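The opening residue of the sequence shown carries number 0 in numbering that gives the first Met the number 0; numbering runs sequentially from there. Down below is the structure, laid out as structure tokens.
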Amino acid sequence: MRRVSRGLLHGGDDAKDAAQVSLMELLSSAANYEGRGPLEAWAQRISTRATLRWMNKQKRQRERVLAQTRELDVRDQQTLLQTETLERLPRPLEEYLEQLTEVQRVAVLLRYALGHTLPEIAGITDAPVPTVKSRINKGYQELCRLVRRDLNLGVRQSDSDSQD
């Protein structure tokens, strides 16, 4: 068993772990040995299969951890970009949101600020999914139009504060 796991894993702690898993697999399969071939060949087959399964399991776990790490990195990057984008708006986001209709504002906030899916928003607002989708799209388009208008007019944060 050790020879198989060391050969497949090139020694080290992983080989020891795989050998232990192989031993447990061998012991649990002992009742199934029918004596048709050499015991050593049977044990080697079980050890090889157990080691390969262990290797695949370890590989999947590493890939899962890497994927989660990448996902967190992407989220952090998106959060940073969103923060930078919000800081570049001519006016505070709240002022733009106040200019939307109530149903559009609610739909946009539920979708983009709270991350709800369209069916979830439909359930919360008691509206059909196509209506929710339309409200989100129209609200988003209106927000873009308002921001573009202010950018074209040269409105800055300090300009909107001094008008109050």
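Where a beta carbon is used, it is the ideal one built from N, C-alpha and C, also for glycine. Nothing here was measured: the structure is a model prediction, and the numbers come from that model.
E33 sits in coil when the DSSP states are folded into three classes, being neither helix nor strand.
At the C-beta level, I120 and V131 come within 8 angstroms of one another.
Between L88 and the set V154, R44, D13, G34, the nearest pair of CA atoms involves V154. Y139: member of the alpha helix (DSSP H) spanning 128 to 152, first to last residue. Annotated three-state conformation of L109 is helix, per DSSP.
CA-CA distance, A17 to Q67, rounds to 25 angstroms. When only Cα atoms are considered, V20 and A49 end up about 7 angstroms apart. The residue among G138, A14, H9 with its C-alpha nearest the C-alpha of E97 is G138. Counting the other CB atoms within 10 Å of its CB gives R59 a total below 16, which places it among the exposed residues. DSSP, reduced to helix, strand and coil, places Q98 outside both helices and strands of the structure shown, so it counts as coil.
In the DSSP assignment, G11 falls outside any alpha helix (DSSP H), carrying neither H nor E.
Counted as a single uninterrupted DSSP element, the alpha helix (DSSP H) harbouring P118 occupies residues 117 to 124. Close CB contacts of D13 within its chain, under the 6 angstroms cut and outside five residues either way in sequence, are absent.
Between L25 and S4, the CB-CB gap reaches or exceeds 8 angstroms. Annotated three-state conformation of G114 is coil, per DSSP.
Just so you know, the alpha carbons of N136 and V107 end up roughly 8 angstroms apart.
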